[in-house]
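A.B. asks: Okay, handing you the structure first.
Protein chains: 2
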Amino acid sequence: MDRDTVTEILDTAERLVQVRGFNAFSYADIAATLGITKASLHYHFPSKADLGRALIERYSGRFGDALAEIDAAGGDANAKLAAYAEIYADVLRDHRMCLCGMLAADYDTLPDPMRAAVVSFFDRNEAWLVAVLAQGEREGSLRLQGSERDAAQAIVSGLEGAMLIARPYEDVSRFESAATRLLRSFAAQSNPV
Amino acid sequence: MDRDTVTEILDTAERLVQVRGFNAFSYADIAATLGITKASLHYHFPSKADLGRALIERYSGRFGDALAEIDAAGGDANAKLAAYAEIYADVLRDHRMCLCGMLAADYDTLPDPMRAAVVSFFDRNEAWLVAVLAQGEREGSLRLQGSERDAAQAIVSGLEGAMLIARPYEDVSRFESAATRLLRSFAAQSNPV
DNA sequence: GTCTATAACGAGATAGAC
DNA sequence: GTCTATCTCGTTATAGAC
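Protein chains in written order, with the working numbering: chain E, 1 to 193; chain S, 1 to 193.
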């Protein structure tokens, strides 16, 4: 069964944004990749802002699904954090930046609906991490110094930054090393970093 | 005494890249800001790639100067790392992303000379941090678990990521909190984070 | 739902006068 | 060193046939 056109458009546009940024791809790029016309794209997504918003919502939804799967697997907090970092690593292995990390760089040029969706993505990640960090403190597998919220923000920032810098070097191990170090700094044993 | 035109062009373009990204500003934007024509800009910087390269080289040079000043002040490694993070914080307070952090996001779309200059910026930062971390281990003010090189990369990544995420929230304290936590994870006392 | 055709605009860049 | 004028191309977006 064929993937439908909307899915193909979103898949193509998603990759373009993650690799090039929102202001460095065009409807012509998508049309050429899929072998359809720009006019057809505008039928499905009237404006580029519409397309951008759909991209973030789909990405954010899939990210939420991945977090739910981690919870369902039922490991301890350290295992959950490692699985969380692995989501990022998989994106990077495909030579992509996190969609919303890339859009954070483009933030000043984004239409308002896209801005709100980007911030919402980070808020959802932070909320999930706060819960995992709280679990870790309860079970004794993590030991935090500041608030769970501050620690959660540091994790998101650290992983996004590690992706951002690893990409020019085309070196996934650069990301993995920074991610491991970051998460280890929250583990109950094996400090200092 | 007037600043010369080249300086005004670079100052204006630098801000535009740091706020909007390399693909989201134009010669027309600079011309409008300075009250000159696009043709005049092309006299000083024939192509946008020329302008971009000049921006990185000036930025990288000034960054190097700031690092030399930190060394000249002669504090311990913790003080140097705090001063290093403060450079980033000052950029963020002006509502800007690090120039090269922004260009790292744009990396796939950059002309080759700009790519090389961006990587060189990160290499220089990493080299300076490696020296500071080595100093910290010698004087006992820092205690690292992995290599100095890995730790240096984690610091660059962490600070760039914290800037990237803090900007959509327009919240410098978000950066400061992540930066403090990051640097504390290297200090000899006061683990865990 | 996809097409052809085109509008309307902005981009980077150049020629040549002053 | 700055200007006017222009070129060429790519961009988002729309109208209307099929």
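Just so it is clear, CB atoms sit at the ideal spot from N, CA and C, and this is done for glycine as well.
Would Arg20 of chain E count as contacting chain S if we go by Cβ distances under 8 Å?
C.D. replies: Taking the first sequence and counting its residues from 1, the one referred to as residue 20 of chain E is at position 20. Yes - at least one Cβ of chain S is within 8 Å of the one on Arg20 of chain E.
A.B. asks: Please classify Leu16 of chain S: is it buried, with 16 or more other beta-carbons within 10 angstroms of its beta-carbon, or exposed?
C.D. replies: The residue given as residue 16 of chain S occupies position 16 in the second sequence. When all chains shown are included, Leu16 of chain S counts as buried.
A.B. asks: Which residues in chain E sit within 9 Å of Met114 of chain S, going by Cβ to Cβ distance?
C.D. replies: The residue given as residue 114 of chain S occupies position 114 in the second sequence. Result: empty, since nearest Cβ-Cβ is about 11 Å, beyond 9 Å.
A.B. asks: Measuring alpha carbon to alpha carbon, tell me which residue in E:Ala54, E:Tyr27, E:Ala39 is nearest Met114 of chain E.
C.D. replies: Residue mapping note: residue 114 of chain E aligns to position 114 of the first sequence, counting from 1. When only C-alpha atoms are compared, the closest one is E:Ala54.
A.B. asks: Can you tell which of S:Gly136, S:Ala117, S:Asp171, S:Ala178 has the C-alpha that lies nearest to the C-alpha of Gly61 of chain S?
C.D. replies: Locating residue 61 of chain S in the second sequence gives position 61, counting from the first residue. Measuring from the Cα of Gly61 of chain S, the nearest candidate turns out to be S:Ala117.
A.B. asks: Just mark Asp150 of chain S as buried or exposed, buried being the case when its beta carbon has 16 or more other beta carbons within 10 Å.
C.D. replies: Position 150 of the second sequence, counted from the first residue, corresponds to residue 150 of chain S. With 16 or more other Cβ atoms within 10 Å, it is buried.
A.B. asks: Just curious, the alpha helix (DSSP H) that Pro46 of chain E is in, first and last residue?
C.D. replies: One-based indexing of the first sequence puts residue 46 of chain E at position 46. Element bounds for Pro46 of chain E: n/a, residue is neither H nor E.
A.B. asks: Does any CB atom of chain E fall closer than 8 Å to the CB of Ser185 of chain S?
C.D. replies: Mapped onto the second sequence, residue 185 of chain S falls at position 185. For Ser185 of chain S, the answer is yes, since a Cβ of chain E falls inside 8 Å of its Cβ.
A.B. asks: Tell me, which residues are paired with Leu142 of chain S by DSSP?
C.D. replies: On the second sequence, residue 142 of chain S is found 142 positions in, with the first residue counted as 1. In the DSSP output, where bridge partners are listed per residue, Leu142 of chain S has S:Ala187.
A.B. asks: If you check the beta carbons only, do Val172 of chain S and Ala89 of chain S fall under 8 Å apart?
C.D. replies: Mapped onto the second sequence, residue 172 of chain S falls at position 172. Mapped onto the second sequence, residue 89 of chain S falls at position 89. The answer is yes: Cβ separation under 8 Å.
A.B. asks: I think Leu133 of chain E touches Leu144 of chain E, with their Cβ atoms under 8 Å apart; what is that distance to the nearest whole Å?
C.D. replies: Here residue 133 of chain E is taken as the residue at index 133 of the first sequence, counted from 1. Here residue 144 of chain E is taken as the residue at index 144 of the first sequence, counted from 1. Their Cβ separation, rounded to whole angstroms, is 6 Å, which keeps Leu133 of chain E and Leu144 of chain E in contact under 8 Å.
A.B. asks: Any idea if Lys80 of chain S is buried or exposed, counting beta-carbon neighbours within 10 angstroms, 16 or more meaning buried?
C.D. replies: As a working mapping, residue 80 of chain S is identified with position 80 in the second sequence. By the 10 Å Cβ count, Lys80 of chain S comes out buried.
A.B. asks: Counting pairs of Cβ atoms below 8 Å between the region 41 to 60 of chain E and the region 91 to 100 of chain E, do you hit three or more?
C.D. replies: yes
A.B. asks: Give the straight-line distance between the Cα atoms of Thr33 of chain E and Thr12 of chain E, rounded to the nearest whole angstrom.
C.D. replies: Against the first sequence, residue 33 of chain E aligns to sequence position 33. Against the first sequence, residue 12 of chain E aligns to sequence position 12. Distance between the alpha carbons of Thr33 of chain E and Thr12 of chain E is about 8 Å.
A.B. asks: Grab the span of the alpha helix (DSSP H) containing Tyr107 of chain S for me, first residue to last.
C.D. replies: Here residue 107 of chain S refers to the residue found at position 107 when the second sequence is read from its first residue. It is not in any alpha helix (DSSP H) - Tyr107 of chain S carries neither H nor E in the DSSP assignment.
A.B. asks: Output the boundary residues of the alpha helix (DSSP H) element that contains Arg96 of chain E.
C.D. replies: Position 96 of the first sequence holds residue 96 of chain E. Counting along the chain, Arg96 of chain E falls outside any alpha helix (DSSP H), and DSSP gives it neither H nor E.
A.B. asks: What's the call for Gly136 of chain S, buried or exposed, on a 16-neighbour Cβ count within 10 Å?
C.D. replies: Residue mapping note: residue 136 of chain S aligns to position 136 of the second sequence, counting from 1. So Gly136 of chain S counts as buried.
A.B. asks: Enumerate in chain order the residues of its own chain whose CB-to-CB distance from Ala31 of chain S is below 8 Å, with the five nearest sequence positions on each side excluded.
C.D. replies: Taking the second sequence and counting its residues from 1, the one referred to as residue 31 of chain S is at position 31. Counting only Cβ-Cβ distances below 8 Å, and skipping sequence neighbours, we find Thr37, Lys38, Ser40, Leu41.
A.B. asks: Taking Leu67 of chain S as the reference, which of S:Val130, S:Asp112, S:Pro111 has the closest Cα?
C.D. replies: Translated into the one-based positions of the second sequence, residue 67 of chain S becomes position 67. When each option's Cα is compared against that of Leu67 of chain S, the closest is S:Val130.
A.B. asks: Work out the CA separation of Glu148 of chain E and Leu182 of chain E for me, nearest whole Å.
C.D. replies: To locate residue 182 of chain E, count along the first sequence from 1; it is residue 182. To locate residue 148 of chain E, count along the first sequence from 1; it is residue 148. Their backbone Cα atoms lie some 15 Å apart in a straight line.
A.B. asks: In or out: Ser47 of chain E buried (at least 16 other Cβ within 10 Å) or exposed?
C.D. replies: Position 47 of the first sequence holds residue 47 of chain E. Ser47 of chain E should be labelled exposed.
A.B. asks: Given that a residue counts as buried once 16 or more other Cβ atoms are within 10 Å of its Cβ, and exposed if not, what is Gly140 of chain S?
C.D. replies: In the second sequence, the residue the question calls residue 140 of chain S occupies position 140. Gly140 of chain S comes out exposed.
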